[in-house]
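**Student:** In this text, residue positions in the sequence shown follow numbering that gives the first Met the number 0: the first is 0, and each later residue adds one.
Note that the Cβ used here is the ideal one computed from N, Cα and C, for glycine as well.
Keep in mind it's a predicted model, so treat the numbers as computed, not measured.
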Amino acid sequence: MAEKRWYDDACGTAMALELVGERWSLLIVRELMFGGRRFGELKGALNGISANVLTQRLEGMEAAGILKKRKLPPPASVQVYELTRWGYESETAIQELGRWATRSPAHDPSLPLSAASLMLSFRTMLSPERSAGIVATLGFRLGDEVFTTHLANGTFQVERAEPTGADVVFASTPRGIAALTYGGVPIAEGEKLGLVTVEGDRALAERFVTLFPLPPKWTEDRACPVGPIPPVA
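1) Residue range of the beta strand (DSSP E) that PHE146 falls in?
2) Which same chain residues, not among the five before or five after ALA160, have their C-beta less than 6 Å away from its C-beta?
3) Does SER24 pass the burial test, meaning 16 or more other C-beta atoms within 10 Å, or should it be called exposed?
4) Give the secondary structure of LYS191 by DSSP, where H, G and I count as helix, E and B as strand, and everything else as coil.
5) Put TYR80 into one of helix, strand or coil per three-state DSSP.
6) From what residue to what residue does the beta strand (DSSP E) around GLU158 run?
7) So is ALA100 buried or exposed if we call it buried at 16+ other beta carbons inside 10 Å?
8) Reducing DSSP to helix, strand and coil, say where SER171 ends up.
9) Taking GLY138 as part of the beta strand (DSSP E), name the residues at either end of that continuous run.
10) Would the stretch 150-159 and the stretch 117-128 be scored as touching if the rule is three or more Cβ pairs under 8 Å?
11) Below 8 Å CB to CB, which residues in the same chain sit around GLU21 once its five sequence neighbours on both sides are set aside?
12) To the nearest angstrom, how far is it from the Cα of GLU61 to the Cα of GLU188?
13) Under DSSP, the beta strand (DSSP E) around LEU66 begins and ends at which residues?
14) Nearest to GLU88 by alpha carbon, out of MET32, LEU110 and TRP5?
15) What does DSSP give as the partner residue(s) for ILE219 in the beta ladder?
16) Beta-carbon separation of THR172 and GLY138 under 9 Å?
17) Go through its chain and collect everything with a Cβ distance to SER113's Cβ below 7 Å, but skip five positions before and after it.
18) Is it the case that the Cβ atoms of ALA233 and TRP5 are separated by a distance below 9 Å?
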């Protein structure tokens with residue numbers, strides 16, 4: 000990194016951009032937030048990234064100390080990339096950046112997203128008020144990816160594990176679940192459309208999809224408006 004500096008600036012924000020400011024870097028961190036992933040899994044989750052660029056980003060972030068390589072023991076015996084302890088500390092910054100960006104009028108929650116992105120969005124957008132008093136285990140089968148989550152009084156823990164004994168299990172795609180939680184599609188309608196299947200506590204499922212309100216859009220005049228400012232009535 001000493002050989003490749005973008006900014007001659009001591010600001011921590013400038014340093015953050017040095018670390019994860021290149022295209023795809025922050026999304027790679029997002030994909031590793033719930034455990035190690037193989038190269039092919041990362042490439043599959045990041046639509047549009049080339050193998051060459053992914054290799055470059057992984058090498059750069061490994062050199063910076065954000066992630067590391069590890070070979071899983073037999074019978075898997077495959078190499079995975081996973082965040083270092085310091086790398087995991089970036090979650091708060093990613094959450095705050097995501098919460099800020101969703102206030103943009105240009106944000107479109109109906110666009111495709113990865114399974115890890117969906118899980119991280121739940122941890123980011125969970126309303127403490129709406130989720131107060133709920134203690135439950137929820138499972139998600141999202142194509143090849145499976146998660147078990149634990150909701151308890153305003154916290155949302157996520158692990159990549161089979162949802163054995165979960166109170167509710169959603170089977171869908173990340174986009175299908177987002178349609179329920181962020182798009183306002185009722186579960187019954189989602190089932191009719193083939194977007195989702197739900198097993199377990201129906202009342203809990205119906206309540207769960209209401210726990211993630213998006214923040215209001217930014218509507219004030221821009222600092223640098225295009226064209227003349229209309230007169231005040």
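**Tutor:** The answer reads as follows:
1) 144-151
2) THR147
3) buried
4) helix
5) Strand.
6) It spans 154-158 - the beta strand (DSSP E) in which GLU158 sits, taken as one unbroken run.
7) Exposed, because fewer than 16 other Cβ atoms sit within 10 Å of the Cβ of ALA100.
8) strand
9) 134-141
10) yes
11) ARG56 and GLY59
12) 45 Å
13) 66-70
14) MET32
15) The question names Ile, yet the displayed sequence has Glu at residue 219. Partner(s): none; GLU219 has no beta bridge.
16) no
17) GLU30, ALA44 and PRO173
18) Beyond the ends of the chain as shown, which are 0 and 232, falls residue 233; an answer cannot be given.
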